[in-house]
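Enquirer:
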Amino acid sequence: MPKKCCWRGLILPNIPSKRFVAKMLHRNETYLLGILIVLILTISLISPKFLTARNGFQILKSYAYTGILSIGFLFVLIAGGLDISFTATATAAQYIMALILVSAPGTSPLLIILLPLLVGVALGSINALLIHKLGAPSIIVAIANLNIYYGILQLASGGQWLYDFPEWFQQLGRAFIFKFTDSGGVTVGLSVLTGVWIILAAAGFVILKHLRLGRRLYALGGNLEASRRAGMNIFGLRIFAYGFLGFSAGLAGIVHALNTQTVAPNALVGKEFDVVAAVVLGGASIFGGAGTIGGTLIGVALIAVITNALTILKVASYWHQVFIGSVVLASISITAFRTLLAKRSERTIDVR
Numbered sequence: 000m001p002k003k004c005c006w007r008g009l010i011l012p013n014i015p016s017k018r019f020v021a022k023m024l025h026r027n028e029t030y031l032l033g034i035l036i037v038l039i040l041t042i043s044l045i046s047p048k049f050l051t052a053r054n055g056f057q058i059l060k061s062y063a064y065t066g067i068l069s070i071g072f073l074f075v076l077i078a079g080g081l082d083i084s085f086t087a088t089a090t091a092a093q094y095i096m097a098l099i100l101v102s103a104p105g106t107s108p109l110l111i112i113l114l115p116l117l118v119g120v121a122l123g124s125i126n127a128l129l130i131h132k133l134g135a136p137s138i139i140v141a142i143a144n145l146n147i148y149y150g151i152l153q154l155a156s157g158g159q160w161l162y163d164f165p166e167w168f169q170q171l172g173r174a175f176i177f178k179f180t181d182s183g184g185v186t187v188g189l190s191v192l193t194g195v196w197i198i199l200a201a202a203g204f205v206i207l208k209h210l211r212l213g214r215r216l217y218a219l220g221g222n223l224e225a226s227r228r229a230g231m232n233i234f235g236l237r238i239f240a241y242g243f244l245g246f247s248a249g250l251a252g253i254v255h256a257l258n259t260q261t262v263a264p265n266a267l268v269g270k271e272f273d274v275v276a277a278v279v280l281g282g283a284s285i286f287g288g289a290g291t292i293g294g295t296l297i298g299v300a301l302i303a304v305i306t307n308a309l310t311i312l313k314v315a316s317y318w319h320q321v322f323i324g325s326v327v328l329a330s331i332s333i334t335a336f337r338t339l340l341a342k343r344s345e346r347t348i349d350v351r
C-alpha cells in the first residue's frame with residue numbers, strides 16, 4: 000500500500016516526486032522544452048504579433064510538411080542510416096500527383112492521394128536496397144539519388160510549374176479540424192494538414208515506444224554486429240526504415256502541395272537542412288540508436304519559432320540559414336562529446 004500524506008485536511012498518496020524530477024532532468028526533451036518556452040516568451044515581449052492564435056496555428060500549418068519529413072528521417076537515423084534524398088522523393092511524388100490533377104482532374108481523389116505515397120515508399124525502398132546489397136555508405140547513396148531524382152524531374156518537366164488544381168483539392172487545403180473567429184474577425188483554427196502531422200507523430204510514437212519493431216530499430220542503430228548476431232532481419236528493418244521515410248516524403252509532398260496549391264520541380268530544394276536540424280536538435284544521434292518523437296517535435300517547433308520570429312523581426316532571410324547551420328553544428332558537437340564521454344566511462348575499470 001502506498002504511503003499517505005496530509006495536506007490541508009486532504010489525504011493524498013505519497014508521489015515519488017524526487018525520482019520523477021531526477022528522471023525528467025536526465026531527458027534531453029526537458030531542456031529543449033525549457034528553451035522553447037523561454038524563447039517564445041522572449042520573442043513575445045519583443046513582438047506582440049508573435050504570441051497570437053492566428054500566428055500559432057499558421058506556424059503549425061506551414062511547418063506540417065517539415066514535421067512529417069522529420070518523423071520519417073528520425074526512423075532512418077535511429078536505424079543507423081543517413082538519407083537526405085527525402086526532399087527529392089517528396090518533390091517527385093507531389094509532381095506526379097500534380098500532373099494527374101491537371102491532366103485528368105476527374106481521377107478518384109483516393110487514387111490521387113495513394114499514388115504519391117506509393118512513389119515515396121518505392122523510392123525509399125530503392126535506397127535501402129542499394130545500401131544493403133552494395134554495402135555502400137548511406138550518405139553516398141542518398142546524395143547520388145538526390146541528384147538523380149532532381150535531375151530526371153527537371154528534364155522530364157522542363158521546369159514547368161503546375162497549379163489550377165480541382166476544387167476538391169483546394170478545399171482540402173483550406174479545411175480545418177476545428178476553427179473559430181479571433182478578435183480581428185479572422186477565421187483561425189487547426190488545419191487538416193497539421194492533423195496529418197499529429198497522426199503520423201502518434202503512429203511513430205507507438206512504433207518506437209511500444210512495438211518490438213521499434214526496439215529492433217534502436218538495436219540496429221546502436222550496434223549493427225550485435226543485431227546481426229541476435230538473428231535480426233537487417234534487410235527487413237532497413238526496408239522498413241527507408242520505406243517509412245519514403246512514405247513520409249510522399250505524405251509531405253501532398254501536404255506541401257495542399258498548402259501552397261502550386262507544385263514546382265525545385266520547390267523543396269534545400270529544405271532537407273531544416274529537417275536535419277530539427278531532428279538533430281531534438282536529440283537524435285547521427286551515429287544511430289537514439290532519438291524520440293517528442294524530441295523531434297520540439298526540434299521542429301524550435302526551428303519554426305526561430306524562423307518565424309526572424310521573419311516578424313524583418314531579419315534578412317540569409318541569416319535564417321546561418322543560424323540553422325550553427326544550431327546543427329552545435330548539436331552535432333554536443334552529441335559527439337556526449338558519445339565520447341559515454342565510451343570513456345564504459346572503458347573505466349573499477350579495481351577496488
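According to numbering that gives the first Met the number 0, the stretch in the sequence shown is residues 0 to 351, in order. Ideal Cβ placement from N, Cα and C applies to all residues, glycine included.
Name the DSSP beta bridge partners of LEU124, please?
Expert: Before going on, a small fix: residue 124 reads as Ser here, not Leu. Answer is none; SER124 lacks a bridge partner.
Enquirer: Tell me the DSSP secondary structure of VAL314 in three-state form.
Expert: In this structure, VAL314 counts as coil in the three-state DSSP scheme.
Enquirer: What span of residues does the alpha helix (DSSP H) with LEU142 cover, start to end?
Expert: This sequence places Ile at residue 142; Leu is not what is there. Run containing ILE142: 137-156, per the alpha helix (DSSP H) assignment.
Enquirer: Any idea which residues DSSP pairs VAL358 with across the strands?
Expert: With the chain running from 0 to 351 in the structure shown, residue 358 is simply not present.
Enquirer: Cα-Cα, which of LEU122, ILE311, LEU192, LEU98 is closest to PHE164?
Expert: For PHE164, the nearest C-alpha among the options comes from LEU98.
Enquirer: Between the C-alpha atoms of ALA201 and GLY194, what's the straight-line distance to the nearest angstrom?
Expert: The straight-line gap from Cα to Cα measures roughly 11 Å.
Enquirer: In terms of DSSP beta bridges, what is GLY55 paired with?
Expert: None, per the DSSP bridge assignment.
Enquirer: Roughly how many angstroms lie between the CA atoms of LEU133 and VAL187, to the nearest whole one?
Expert: Roughly 50 Å separates the two Cα atoms.
Enquirer: If GLY245 and VAL120 are in contact, beta carbons under 8 Å, what's the gap, nearest whole angstrom?
Expert: The Cβ separation is near 5 Å, so the contact holds.
Enquirer: Is GLU224 buried or exposed, if buried means 16 or more other CB atoms sit within 10 Å of its CB?
Expert: Exposed.
Enquirer: Taking the alpha-carbon positions, what's the LYS342 to LEU68 distance?
Expert: The straight-line gap from Cα to Cα measures roughly 31 Å.
Enquirer: Only counting the same chain, and skipping five residues up and downstream in sequence, which positions put a Cβ closer than 7 Å to that of ASP273?
Expert: Excluding sequence neighbours, ASP273 sits near THR65, ILE302, ILE323.
Enquirer: Can you tell which of ILE112, THR41, PRO104 has the C-alpha that lies nearest to the C-alpha of ALA248?
Expert: Nearest option by C-alpha distance: ILE112.
Enquirer: By how many angstroms is the C-alpha of ALA135 removed from the C-alpha of HIS255?
Expert: Distance between the alpha carbons of HIS255 and ALA135 is about 31 Å.
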